[in-house]
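The opening position of the sequence shown corresponds to residue 23 in our numbering, with each subsequent residue numbered one higher. We put the beta carbon where it would ideally sit given N, CA and C, even for glycine. As the structure is a computational prediction, the values presented were derived from the model and not from experiment. A short write-up of the structure that comes next.
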Amino acid sequence: MKHLRILLAFGLVVTGALLAAASGVAQAAGPQNWLYPGGPVAEMQLGLFMLTTWIMVFVFVVVSGLLIYAIVKFRAKGAEEAGTAAAEAAAAKEDLPPQFEGDPRLEIVLTIVPFILLVIMAIPTVNLNFALAADPEGDPLHVRVVGHQWWWEFEYVDLGIITGNELRIPTGRPVVLHIETADVIHKFWVPRLAGKIDAIPGRVNTAWIQADEPGVYWGQCAEMCGTHHANMRTRVVALPPDEFEQWVANYGRGPVVETAEELAAAERGKLVFETRGCQACHTIEGTSAVAKVGPNLTDIGTRLTLAAGMMDNNRENLKRWISDPQGVKPGNRMTRLPLSEDELDDLVTYLLSLK
Ligand code: CUA
């Protein structure tokens, strides 16, 4: 009876601790907390994970419970007070429980129970794999995702839009990602929307995501890919469908400014962009710059961050990034251009007006 109580108390403590941990983690809805899914794919994956976890918890509680029960019930009693080692051995021998070997009933149970548990996990695992590999229902948006050291390129194949590091998507609509790499292996991962997907040289991996609510979903390259693996971040910006359409319609429309003064500065900045070196690596729709070494900057004024999520996109940070790219992100492919302070000011005004 006493042992049963110990066992019960152990089970309750373990289960309580796990439940507390689970609810704590779920409540800490950080920007990259995959236990807080933001769409159907992540939800299905979380469901499978929880099923597996609870089966494991059950196995853990039963096995450790039996172990603790055996330790408590069959521990050597009073051995420390006995005399010689020989007397202890003799006493231990007398207390031995009945010895037996190879109980067929026990072995059948020990084979069948794990088999059943594995089948319970295997069926939904295989089902989900096939379900997620198939094309999603509805009218999916197709995006080609290319990993670069150390930034992500997104090409909306049906819309003629290319952007970098930030993937704008409409809410409630599946987005099929065709993931590849321009150099080494990367891994696309936006935890709240889906599990990790490899970007492997020479192949295209397909997966889909969907965001149910508008918001910013953080992502992080999940495969060690060089010095700035940690600074190869991404943001998925989920917009209500009408706002997404607006962004699509606005893409490439050129400088958006409020005053004639700003317009003049943006025009000068555009000239700097086209003639002072930026054009050697970047593209901006509607200009003579069409290079593809670095990110396409057509909508850079709409982006939330710079340098793949390293800093907020604002005037001060953009100036710092352009004037000292190697200081901000050593080893990246952007070079420092010999620009005067005025040229830099105009260039930044121009870039921030592209939205
Ligand atoms: Cu790309 Cu790590």
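Near ligand 1: residue i beta-carbon under 8 Å from a heavy atom
i: Ala244; result: yes
i: Trp240; result: no
i: Cys300; result: no
i: His200; result: no
i: Gly248; result: yes
i: His208; result: yes
i: His304; result: no
i: Gly186; result: no
i: Gln54; result: no
i: Gly169; result: yes
Distance between residue j and residue i (C-alpha atoms, nearest Å)
i: Ala204; j: Gly224; result: 9 Å
i: Glu129; j: Glu123; result: 11 Å
i: Gly331; j: Thr371; result: 21 Å
i: Glu65; j: Val135; result: 28 Å
i: Gly323; j: Leu373; result: 6 Å
i: Ile138; j: Leu41; result: 25 Å
i: Val350; j: Leu328; result: 10 Å
i: Thr297; j: Ile344; result: 15 Å
i: Leu340; j: Thr74; result: 46 Å
i: Leu34; j: Gln67; result: 28 Å
i: Thr256; j: Val84; result: 43 Å
i: Met333; j: Arg27; result: 56 Å
Local conformation of residue i per DSSP, three classes
i: Ile191; result: strand
i: Glu159; result: coil
i: Ala311; result: coil
i: Trp211; result: coil
i: Val278; result: coil
i: Ile306; result: coil
i: Gln171; result: coil
i: Arg27; result: helix
DSSP bridge partner residues for residue i (one or two, in chain order)
i: Thr327; result: Asp334
i: Gly237; result: Ala260
Under 8 Å: do the region 266 to 275 and the region 89 to 98 share three or more Cβ pairs, one atom per stretch?
no
Cβ contact (3+ pairs, closer than 8 Å) linking the region 173 to 182 and the region 135 to 155:
no
Can at least three beta-carbon pairs, one atom from the region 192 to 203 and one from the region 233 to 250, be found at a separation below 8 Å?
yes
Decide yes or no for the touch test of the region 237 to 255 against the region 209 to 227: beta carbon pairs closer than 8 Å, at least 3 of them.
yes
Quick one: any contact between the region 164 to 172 and the region 301 to 312, if contact means 3 or more CB pairs under 8 Å?
no
Meets three-Cβ-pair contact criterion under 8 Å: the region 281 to 293 and the region 248 to 267:
no
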